[in-house]
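Number 355 in this note's numbering belongs to position 322 of the sequence shown; there are no gaps in the numbering. C-beta: ideal position from N, C-alpha, C; glycine also. The structure presented is a predicted model; accordingly, all values stated were derived computationally and were not measured. In what follows, a structure is listed as structure tokens, so that the remarks can point back to it.
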Amino acid sequence: MGSKNWLKMYDAVVPHEITDEIPSLVSFIEAAATRYADKVALVDGEKRINYREFVQQTGIIAGNLRIQGIEKQDRIAIFLPNRAETILAFWGVIRSGARGVMTNPLYMETELVHQFNDSGARFLITSEQLWAKVAPIMGNTRLEKAFIITDTGEQLEQIVDNQRVFSWETLQQSNAGYSCSNINPREDLALLQYTGGTTGVSKGCMLTHANLAANALQSEKMFHVLQPGVETFVGVLPYFHIYGLTVTIILPVLMGGTMLPLQRFTPKSLLTIIETEKVTCMASAPSIFNACLSQKDIDNYDLSTLKLIISGSAPLPVSQMELFEQKTGARIVEGYGLSETSPVTHFNPITGNRKPGSIGLPLPSTEAKIVDVEYGTREMPDGEHGEIVIRGPQVMKGYYQQPGQTDMVLRDGWIYTGDIGYRDVDGYFYVTDRKKDLIISGGYNVYPREVEEVLFKYPKIKEAVVIGMQHPTRGETPKAFVVPVEGETIDRKDIIDFCRKNMANYKVPRDIEFRDNLPKSAVGKVLRRLLRDEIRA
């Protein structure tokens with residue numbers, strides 16, 4: 034207790050600490066232009082963009098954002114699927130000195146209004162297809178300008194007015210490149226990363242340049258089988274998600290790797306791109322492994338170039354891990370993290386002892402401990418359960434404009450994760466329960482309270498509670514228990530249709546069960562545990 038007993042379990046080449054002088058993300062991309070100038074940075078269809086060109090293009094985007102009126106630490110929302118322009122836009126925003134606001138392309142109008150307004154985003158970068166969601170609500174936000182990426186250009190003339198709505202090409206007009214030089218890595222924010230909350234209120238995690246740069250440096254040390262200037266990273270995880278962003282957009286630039294966006298995931302598209310582009314590193318989730326293993330002709334693909342596969346977002350069954358390793362020859366390592374920690378805090382060793390069911394060891398320069406759940410002040414002995422708390426350079430500054438919420442999770446630099454687990458005698462950590470009642474569906478976080486708030490708006494519903502229901506491929510899906518208003522009859526389809534209009538599809542309950550009442554404690558709190566026990570019986 035109180036000691037970093039996990040350090041002795043590190044792979045021999047992994048340092049205990051990273052540098053104290055953590056740079057800005059701007060320095061990452063500027064260094065890449067020198068070190069990896071002729072290395073392919075980005076694959077865009079048939080087009081190959083080397084680091085010299087990549088740095089030039091992102092500098093031009095940054096310069097044009099400044100010409101359009103963006104100033105240091107302004108907020109710019111990026112509302113895009115995985116595509117080459119998402120990567121260019123992110124690094125252009127970073128080099129402009131602004132803060133990125135990565136926005137889920139599955140969000141519906143009400144979710145977009147909240148995120149745009151809460152972040153105070155001035156500019157938006159989106160696609161022609163997604164513009165249809167933004168156009169009706171732009172007047173309800175603080176957005177001043179939008180820049181539209183188009184594949185065909187068929188609707189562009191009807192969309193662009195050159196007053197508030199511009200084409201993506203507007204950000205390539207001037208060749209005056211720009212790169213913000215006066216960034217304080219530990220103070221200046223690079224990203225407002227939004228995450229749902231148990232209260233149903235979405236919160237923006239304030240991640241500094243140092244937070245994100247530190248996590249990339251920590252990951253680079255742990256992923257020691259990867260070599261600078263030679264790796265290819267496939268972007269199968271969503272770029273709007275902090276896991277996909279850090280591991281497949283930021284880490285590759287630090288290492289001079291090739292970024293390969295996969296716009297639409299299917300098992301066939303992923304397996305094909307791994308084979309044809311000779312992918313060496315993939316960050317993934319259990320739902321993706323399961324889908325690929327269900328592909329009947331998986332053995333017909335050459336996946337032998339894969340060196341390292343990183344698994345996160347939910348526990349990976351040992352049988353899946355072993356089978357996928359057998360088919361690829363790559364090592365799969367499981368880890369753990371949060372949006373609030375940029376995101377990675379733990380990983381299993383790559384060549385050392387990997388313990389099934391464990392989230393692994395704290396990263397270099399990271400401290401972790403188990404504390405009592407009630408007060409969070411007493412450290413628990415090895416093997417005893419408690420709340421996992423973490424401290425390190427990757428921990429956020431706080432929640433944007435929410436000091437009360439920040440004080441609830443940050444104490445003396447320690448972040449209280451809300452996850453329950455334990456540490457074994459070797460320093461490996463395990464997560465055994467989720468204090469926050471989080472549902473992880475296909476790798477996406479679904480917060481029950483957020484779904485419940487939508488259900489409460491349906492006029493015929495008196496009470497509602499949402500829990501996770503086991504699913505064979507997605508891990509979990511939301512299930513709603515609903516008590517109708519007395520005398521009312523509700524159609525399940527009507528509720529589901531109502532939900533689909535007000536939230537992203539992955540949050541929509543897949544099953545609705547009507548009840549006369551819900552089990553409650555003496556103080557009126559719904560006993561979710563009893564409902565979970567019922568559906569698992």
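Residue j and residue i - do their beta-carbons sit closer together than 8 Å?
i      : j      : result
TYR461 : GLY454 : no
VAL458 : ASP405 : no
GLN427 : ASN248 : yes
CYS238 : SER372 : yes
LEU121 : GLU161 : no
ARG267 : VAL198 : Going by the sequence as given, residue 267 is Val instead of Arg. Against a cut-off of 8 Å, the Cβ pair of VAL198 and VAL267 comes out as no contact.
TYR369 : ILE403 : no
SER302 : LEU295 : yes
ILE500 : ARG565 : yes
ILE307 : LEU339 : yes
TYR276 : THR119 : no
ILE321 : VAL269 : yes
THR91  : PHE112 : no
PRO517 : ILE494 : yes
SER152 : VAL134 : yes
PHE156 : GLU177 : yes
CYS325 : PRO300 : yes
THR374 : ILE421 : no
THR399 : GLY437 : no
LYS254 : PRO389 : no
What whole-angstrom Cβ distance do residue i and residue j have, given they're in contact under 8 Å?
i      : j      : result
HIS242 : LEU58  : 5 Å
SER317 : LEU284 : With 8 Å as the limit, SER317 and LEU284 do not qualify as a contact, their Cβ atoms being about 14 Å apart.
PRO395 : THR378 : 6 Å
SER108 : ALA179 : The residue asked about is misnamed: residue 108 is Arg in this sequence, not Ser. That belief does not hold up - the Cβ atoms of ARG108 and ALA179 are roughly 14 Å apart, past 8 Å.
GLU367 : CYS314 : With a Cβ gap of about 15 Å, GLU367 and CYS314 do not count as contacting.
LEU225 : ARG132 : 6 Å
ILE51  : PRO397 : 5 Å
SER344 : PRO376 : Actually they do not touch by this definition, with Cβ atoms about 14 Å apart.
From residue i to residue j, what does the alpha carbon distance come to, in whole angstroms?
i      : j      : result
ALA110 : PHE256 : 31 Å
ALA401 : LEU304 : 36 Å
VAL498 : ILE528 : 14 Å
THR232 : PRO492 : For THR232, the predicted structure reports a pLDDT of 43, less than 50, and the residue's modelled location is therefore unreliable. A value from the coordinates is still provided. Cα to Cα, the separation comes out at about 21 Å.
LEU341 : VAL193 : 44 Å
ALA570 : TYR227 : 35 Å
LYS80  : LEU336 : 23 Å
LEU163 : ARG533 : 16 Å
ARG364 : GLU358 : 6 Å
MET354 : ILE55  : 34 Å
LEU488 : THR506 : 25 Å
LEU278 : ARG548 : 42 Å
LEU222 : ASN173 : 25 Å
LEU551 : GLN503 : 20 Å
ASP332 : LYS360 : 7 Å
PHE123 : THR450 : 27 Å
MET441 : LEU240 : 17 Å
ILE182 : PRO114 : 11 Å
GLN101 : SER235 : 29 Å
TYR480 : MET536 : 12 Å
ASP470 : LEU560 : 12 Å
GLY446 : GLY475 : 32 Å
ILE62  : GLU310 : 23 Å
LYS329 : SER346 : 25 Å
ALA117 : GLU412 : 46 Å
ASP184 : ILE103 : 26 Å
ASP530 : ALA246 : 42 Å
GLY230 : VAL484 : Since pLDDT at GLY230 reaches only 43, below the 50 mark, its modelled position is unreliable, and the value read off the structure follows with that caveat. Whole-angstrom Cα-Cα distance: 11 Å.
ARG219 : VAL280 : 20 Å
Is there a Cβ of chain C sitting closer than 8 Å to that of residue i, yes or no?
i      : result
GLY368 : Among the chains in the structure shown there is no chain C, since it carries only a single protein chain.
- Query: Is there contact here, the stretch 533–552 with the stretch 509–517, by at least three beta-carbon pairs under 8 Å?
  - Reply: yes
Fill in: Uninterrupted alpha helix (DSSP H) stretches inside the stretch 336–380 (no shorter than 4 residues)
351–361
Mind the definition here: the stretch 384–399 touches the stretch 39–49 only if three or more C-beta pairs lie below 8 Å; say whether that holds. yes
Say whether the stretch 210–221 touches the stretch 126–138, bearing in mind that this needs 3 or more beta-carbon pairs closer than 8 Å, one atom from each stretch.
yes
- Task: Report yes or no: do three or more beta-carbon pairs, one from the stretch 283–300 and one from the stretch 59–74, lie closer than 8 Å?
- Result: yes
Point to revise | Given 8 Å, three or more beta-carbon pairs between the stretch 199–207 and the stretch 80–89 | key: no
Inset, instruction - Decide if the stretch 137–144 is in contact with the stretch 90–108; the criterion is three or more beta carbon pairs, one per stretch, under 8 Å apart. - result: Contact fails: fewer than three Cβ-Cβ distances are below 8 Å.
**Message:** To test your reading of the DSSP string, which unbroken alpha helix (DSSP H) runs of 4 or more residues are found completely within the stretch 147–211?
**Reply:** 161–167 and 189–192
Give, in chain order, every unbroken run of the beta strand (DSSP E) that is at least 3 residues long and sits entirely within the stretch 39–74. none
(request) Pick out the complete beta strand (DSSP E) segments inside the stretch 490–517, 3 residues or longer, and give them in chain order. (result) As summarised for the stretch 490–517, the continuous beta strand (DSSP E) elements at least 3 residues long and confined to that stretch are 494–504 and 508–517, given in chain order.
Could you tell me which whole beta strand (DSSP E) segments of length 3 or greater appear in the stretch 386–430?
400–404 and 419–424
- Task: May I have a chain-ordered list of the alpha helix (DSSP H) segments no shorter than 4 residues that lie completely inside the stretch 230–262?
- Result: Taken in chain order, the complete alpha helix (DSSP H) segments of 4 or more residues contained in the stretch 230–262 are 242–255.
Q. Curious, which full-length alpha helix (DSSP H) runs of at least 4 residues does the stretch 82–124 contain?
A. 84–100
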